[in-house]
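Numbering (the numbering used here) for the sequence shown: 10 to 1158.
Working notes, beginning with the structure itself.
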Amino acid sequence: MKLKKQVTVCGAAIFCVAVFSLYLMLDRVQHDPTRHQSGGNFPRSQISVLQNRIEQLEQLLEENHEIISHIKDSVLELTAHAEGPPALPHHKPNGSWVLPPESRPSFLSVSPQDCQFALGGKGQSPDLQMLAVYSLLPFDNQDGGVWKQGFDITYEPSEWDAEPLQVFVVPHSHNDPGWIKTFDKYYYDQTQHILNSMVLKMQEDPRRRFIWSEISFFSKWWDNISAQKRAAVRRLVGNGQLEMVTGGWVMPDEANSHYFAMIDQLIEGHQWLEKNIGVTPRSGWAVDPFGHSSTMPYLLKRSNLTGMLIQRVHYAIKKHFAATQNLEFMWRQTWDPDASTDIFCHMMPFYSYDVPHTCGPDPKICCQFDFKRLPGGRINCPWKVPPRAITDANVAERAQLLLDQYRKKSKLYRSKVLLVPLGDDFRYDKPQEWDAQFLNYQRIFDFLNSRPNLHVQAQFGTLSDYFDALYKKVGIVPGMKLPGFPVLSGDFFSYADREDHYWTGYYTSRPFYKSLDRVLEAHLRGAEIMYSLALAHARRAGADSRYPLSDYALLSNARRNLGLFQHHDAITGTAKEAVAVDYGVRLLHSLTNLKRVIINAAHYLVLGDKDTYHNDPTAPFLGADDTRPSQDSLPERTVLRMDTSPRFLVVFNPLEQERLSVVPVLVDSPHVRVLSEEGQPLPSQLSVRWSSATDTVPDVYQVSVLARLPALGLRVLQLHKSLDGHAMLKSSVRLYLHGRDLPVRKQEAVPVHVFPAAADDFCLENQHLHACFSGRSGLLQSIRRAGEEREQRVSCEFLVYGTRTSKDKSGAYLFLPDGEAKPYAPKDPPVVRVTEGPLFSEVTSYYQHVQTVVRLYNVPGVEGLSLDLSCLVDIRDHINKELALRLSTDIESDDTFFTDLNGFQIQPRRYQRKLPLQANFYPMPTMAYIQDAQSRLTLHTAQALGVSSLGSGQLEVILDRRLMQDDNRGLGQGLKDNKRTCNRFRLLLERRTTASKVQDGRPISFPSLLSHITSMHLNAEALVMPVAQEKPAPPALRSFMPLSTTLPCDFHILNLRMLQAEDDSLPSAEAALILHRKGFDCSLEAKNLGFNCTTSQGKLALGSLFQGLEMGSLQPTSLTLMYPLGTASNSTSIHLDPMEIATFRIRLG
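Here is the structure:
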């Protein structure tokens, strides 16, 4: 107690000093004579005086911010030693629970400079802003003649007299790592033959070219070929005949994928290429993802690629860009102040990437130049005019016909260099096809090139040959800004390929696997960081010989399985059922392996005496928090068996910020006390487990513990069986049966009150929020923030979309609803269960197809500032229905809403009345929000789903879709393999303090710091690992705190990834540290945040970041470690601009 008083006195004293120093500073501003002299004898304008005053004020605020930061550090140091036993919650007479005040103060100390970024305003505005383009276009889908979605193209033959047309025909084969067949089946049936014939056929003529993109397939093939063949491949790459484009593990989906996984699969591919072929990709190739995200150009630019190509863009946008010659542009990030993110992008103009739609505007003619379709083959031309083999007799006529298409296509672009892809899915798998395409085209080229009067130079080329020629034409080094091309910012969602066929269904298709993807991602990041830290500590202690280095192979395999799932037919939910199962088996296999990697690392790191470390794979020291019996089952949490000896838990916090969390543990006895490692009692709440609306699980109890978890660290807790039944704070349960005659199976240990009727409307509250619910539906109705008068209406309802009765119906890709959604009408009213307790209270509503839980944490800080919402969905008895959750509020959001792109950035959206309902849905990988001048409501999500705002104040998300038919995009199946799926959300209501109309009209927006951290809490749950039950007492365990300082709260450690050694199943001495500095909006009120947060203008001292480890070297590199940036210096202090992601090659030890 005495220490607490000292701390309080010290804190108060320091605060007084700070206030007094601020007073002195302000005083100095008023009386400083030097401040009046600048200006000489002429009178200065009022504005510059004002400007000076503002600058002085900013400077003072900065100085004050530094003082506050120092105070914060001192107080934290003082209070770190003053953590006495935590006080326990108590029950007030009115029935609510009160938590004792936090023993440690929390700080929010954000520098005013760090708030400037979100205000933007720097840099010129782009020529093409996609939000504005959407508002401008009529979307009238007029018939354009032979180019159905375009227009007639005309030209004068003399146009190329001064500067001949330069044509690059780029042979390619699009290989899906799983779609109609599994990855392995495609490899054995097709891909290996494509690559084998490639080596053979490319060597026959040095003029031949080929590009390849998917490293997942290429590496499998490489492992199966001879040294001689490998040498031939290296020669083909070296002499420019074969180009590896993009070089990712896959060609990822850009809608549902999270930026961690997008970067990870890019690193995996690039590292493989560097190690095995010694090549670094220069150009991006994305012909098949269903819409394009602006995150991709950023990642490619930061990986040092200089050009990129995209294909699947709304046909109306293609037509508009073709008409204005804007199909090639510099793609810039919306938030970029200085054009450092610009990358040159080529958009293909026509319907598809196949041969009929790539030589020019007329598919009937282009198809005649796809020589795989020569008569007698397995495929033909739907336009009924077959190709003809090129002979001396017909070459003049054939070449002239093709040249006409080339010239017409060229008119859509600004330069006299033309790109003509030549390929399709799984092409060139037989030597005969290589001969048919390459020999016939070479005859055409030879003819064209020998006729100077035609003014054309045609040849095979790679993608980079095309970009290089384009740069050469304008006399610019590749990668530099191309003059004469427009600057574009924004993205290309949502995609329609014809009519009103919008590809917005796949944003939700197979949500079970979209969720499993994110669970695996969180485990991979956690395992990478734990493994890197454990290995560095073991090496420093000379114990690495006893450490299971072989876990590196498990990490490597998990990176590849997660990478594979980012493929645009995997995470999208658009593969055949058997292929989805194959992906699921791979994901589950890696999830199980990653739990093992985390357990092995945690075991080493928590041991008090590292010399006692012994890794026994057959009997792991720690158990897993949950298990999944099969790839399509939900996790089953581990139940701890309690006996007379204490059980120990190790809790891993994968966040780089300390967190105060409620940690759930299942036990087989209601008589349990939870203590910290020092033996202090911790606040905990006892509740029962329910197997259905009215049945509890016998002999299983949940103990929810309030624990402070160190950043990226491990906290040791102990559970003791207690005979004193009163020590445990129990929850109380009210069960409303809504007039249904249902038997209830209760547990004695926790009181359950059963009410046969429905409840009246009721509310739950904590110190931050007051949430009210409908008694009839059990669903949320309103939220009031503490200290505010006004309740904010936030009402939840479930809706159902049907599909059309016409021939075109919704399927895995397309969303084609039969009009607006209808209210969900279950056959029975819901059973509603209300649980109240000291650490959390929740409302569970059981409907026929969905069970929702809204939970309110009674905890200071992040957990208590938002509502936890989960929906357990099961629509396996539906036919052609989609289940949606709609939130309706009185926020005056008009037609504007905001969705994230890949969890990396926010893209403002506008509801377009001129477009059909399905066109207004967008991907939501991590969040969506609506706002007005007063409030912002954010829906955070733990899995990618489709979202929209169809009316002012609304947000709605599609939870699952069950569709009985194919939608004619090649899959040949509906979506009938639905699973019981748990969708998890957080609902955050924030007050806006300084909103302005101008600000809100700009095509850029950022979450608040609280919003960022809430998202991280939702996506990186604490992992609870029980120490295996042993008869002898376990060795002494100590909590592990890896960070020696608090990271600035706008910094995120995206990954700490050990790099591979020569033997690729083992780690080298180096790791990749990937950091992201988040952009955030300061205009959202940030009081009572309950987390310590300081920003540092992007400065970070890495050298002293990891406690007990030294940073041997620090080399900034490009994103995927291919290029060193600058020289490795001895300084370990770094600087990052907002939104930037930076990679460092480091040695820890």
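We treat Cβ as the ideally placed atom computed from N, Cα and C, and that holds for glycine.
Nearest to residue 674 by alpha-carbon distance, out of 780, 999, 1031, 1155, is 1031. Leaving aside the five residues that flank residue 816 on each side, none in its chain has a CB nearer than 8 angstroms to its CB.
In the displayed model, residue 905 falls within a strand according to three-state DSSP.
Within a 10 Å sphere around the beta-carbon of residue 1140 sit fewer than 16 other beta-carbons, which makes this residue exposed. Look at residue 534 here: in three-state DSSP terms it is helix. In terms of Cβ geometry, residue 723 and residue 659 form a close pair [threshold 8 angstroms]. For the pair of segments examined, the region 128-144 was found not to touch the region 1099-1114: the number of CB pairs separated by less than 8 angstroms stays below three. Within the same chain, Cβ atoms closer than 7 angstroms to the Cβ of residue 1085 are found at 1061, 1063, 1150, the five residues on either side in sequence being excluded. DSSP lists 681 as the bridge partner or partners of residue 730.
Cβ contact annotation for residue 775 (same chain, cutoff 7 angstroms, sequence separation greater than five): 865, 866, 867, 873, in chain order.
Looking at 1121, 1092, 264, 813, the one whose alpha-carbon comes closest to that of residue 1003 is 1092.
Residue 1074 and residue 559 have their C-alpha atoms some 7 angstroms from each other. Residue pairing by DSSP places residue 1064 opposite 1083 in a beta bridge. Under the three-state reduction of DSSP output, residue 526 falls in the helix class. Look at residue 508 here: in three-state DSSP terms it is coil, with no helix or strand label. In the DSSP assignment, residue 993 is bridged to 879. Residue 225 sits in a helix when the DSSP states are folded into three classes.
Using a Cβ distance threshold of 8 angstroms, residue 703 and residue 752 count as a contacting pair. By the C-beta criterion, the region 453-468 is judged to be in contact with the region 399-417, since at least 3 inter-stretch pairs fall below 8 angstroms. Residue 711: member of the beta strand (DSSP E) spanning 705-718, first to last residue. Within the same chain, and ignoring the five residues on either side of residue 438 in sequence, the residues whose Cβ sits closer than 6 angstroms to its Cβ are 199, 202, 203. Given a length threshold of 3 residues, the region 135-168 has no whole run of the beta strand (DSSP E) inside it. Classified as exposed, residue 888 has fewer than 16 neighbouring CB atoms from the shown chains inside 10 Å of its CB. Per DSSP, the unbroken alpha helix (DSSP H) holding residue 569 starts and ends at 560-574. Of the other Cβ atoms in all chains shown, 16 or more fall within 10 Å of the Cβ of residue 309; this residue is therefore buried. Between residue 602 and residue 566, the gap from beta carbon to beta carbon is short of 8 angstroms. When secondary structure is reduced to three states using DSSP, residue 791 falls in the strand class.
By alpha-carbon distance to residue 613, the top candidate from 544, 574, 524, 529 is 544. By the Cβ-count criterion, residue 486 is exposed, with fewer than 16 other Cβ atoms from all chains shown falling within 10 Å of its own Cβ.
Annotated three-state conformation of residue 696 is strand, per DSSP. Sequence-distant Cβ neighbours of residue 596 in its own chain, meaning closer than 8 angstroms and more than five residues away, are 522, 525, 526, 529, 570, 571, 574, 640. Taking every protein chain shown into account, the CB of residue 712 has 16 or more other CB atoms within 10 angstroms, so this residue is buried. Judged by beta-carbon spacing, residue 902 lies within the 8 angstroms limit of residue 961, meaning their Cβ atoms are closer than that value. In the three-state reduction of the DSSP assignment, residue 1132 falls in the coil class, being assigned neither a helical nor a strand state. The alpha helix (DSSP H) runs of length 4 or more contained entirely in the region 321-387 are, from start to end of the chain, 324-332, 372-375. For residue 1108, the uninterrupted beta strand (DSSP E) run begins and ends at 1108-1110, by DSSP.
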